[in-house]
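The structure appears right after this line, and notes come after that.
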Amino acid sequence: MNKTIGVIFDLDGVIVDTAKYHFLAWKDLADELGFEFTETHNESLKGVSRVQSLEILLGIGNIEISEEKKQEYLLSKNEQYLEYIYKMGPDEILPGASELLDTLDELGINYVLGSASKNAPLILKQVNLFHRFSGIVDGNSVSKAKPDPEVFLIGAQKLNMQPKHCVVFEDAIAGVEAANAANMTSVGIGDKQTLNKAHFNFNDLTEIPEDFFSSVISEKILKKNEPKLY
Ligand code: B16
Ligand code: MG
């Protein structure tokens, strides 16, 4: 087992693309409430918790409703979202994800999940990746949502690693901020301009160089921990 590095993966946007299903379910709710919800609006929900997503959605529609109604909508949105999730299979794993897990296995680097989704275990089971992670931190395990570092700090505990030895793969601004706030190395997956606070950027997981962990990341982490000689 490689004791120098531990890896934490976000789920939606890194391992699978469930944003498209969130979009369809939120759009149905917006239609019901009588306002337009676009794919551009949906971008602002990425990496954000379910409760916060509803607040953002209601803000877009300029709609105020009771707490009871909010709970009702959260439940119905999730029920609809789950209908899409139950149809998912391993063919929906994003390009490069399985191969990256293989590389980590070969290098003996441990990895866990750090996702805002309360449905994360189910999604991983649907795509047959659940058994590969040595731990899962999801929306049920945290009290504070990203950009708070809590989800990744719990991930580091599960890895039995110091935060500065952890590498986080994230597709959302809030997630990159959470990783940086946790004093971890952040790898932004997606648009480089959007994720410009990440330490490393790639368009997708197929772009990760072969020596990324054995050389690039190890060097960065070791350098970070070396006492300065001047
Ligand atoms: P759920 P991640 C996040 O997943 C999604 O990006 C975000 O759009 C969603 O609102 C959140 O999970 C909560 O999901 O409704 O399933 O609990 O990117 O943190 O893996
Ligand atoms: Mg994500």
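Numbering follows the working numbering, with no gaps: position 24 of the sequence shown is 30. We put the beta carbon where it would ideally sit given N, CA and C, even for glycine. Only a predicted model underlies this, so the values are computations on that prediction, with no experimental measurement involved.
- Rounded to whole angstroms, the separation of the alpha carbons of GLY19 and LEU211 is 10 Å.
- Among the bridge pairs identified by DSSP, ASP18 is matched with VAL22.
- Contact between ILE179 and THR200 holds: CB atoms are separated by about 6 Å, below the 8 Å threshold.
- In this structure, LYS150 has its CB at a distance of at least 6 Å from all heavy atoms of the ligand B16.
- Annotation: the segment 20–69 contains the following complete segments of the alpha helix (DSSP H) (minimum length 4 residues), in chain order: 25–39, 45–49 and 56–66.
- For the pair GLU45 and VAL173, the Cα-to-Cα distance works out to about 29 Å.
- Here LYS150 is not near GLY181, since their CB atoms are 7 Å or more apart.
- Under the three-pair Cβ rule at 8 Å, the segment 127–138 does not count as touching the segment 77–84.
- Counting C-beta pairs with one atom in each stretch, the segment 60–67 and the segment 94–111 have fewer than three that are closer than 8 Å, which means they do not touch.
- Per DSSP, THR10 lies in no alpha helix (DSSP H) and is assigned neither H nor E.
- If you ignore the 5 residues before and after PHE136, its C-beta comes within less than 7 Å of the C-beta of PRO127 and LEU130, all in its own chain and listed in chain order.
- In the three-state reduction of the DSSP assignment, ASN116 falls in the strand class, which pools E and B.
- 7 Å or more divides the Cβ of LEU51 from the Cβ of SER123.
- DSSP, reduced to helix, strand and coil, places SER220 within a helical segment of the structure shown.
- With fewer than 16 other CB atoms across the displayed protein chains lying within 10 angstroms of its CB, ASN209 is exposed.
- Using a 10 angstroms sphere on the CB of GLU112, the tally of other CB atoms stays under 16, which defines it as exposed.
- For GLU78, no beta strand (DSSP E) segment is defined; the enclosing uninterrupted segment is the alpha helix (DSSP H) at 73–91.
- Ranked by Cα distance from ASP177, the options LYS164, LEU110, HIS205 and GLU73 are led by HIS205.
- The set of residues with a C-beta under 5 Å from any non-hydrogen atom of the ligand MG comprises ASP16, ASP18, GLY19, GLY53, ASP177 and ALA178, given in chain order.
- Exposed is the label assigned to ASN146, since fewer than 16 other Cβ atoms lie within 10 Å of its Cβ.
- Look at ASN186 here: in three-state DSSP terms it is helix.
- Taking C-beta atoms as the reference points, TYR79 and LEU35 count as a pair closer than 7 Å.
- Shortest gap from the CB of LEU51 to any heavy atom of the ligand B16: under 6 Å.
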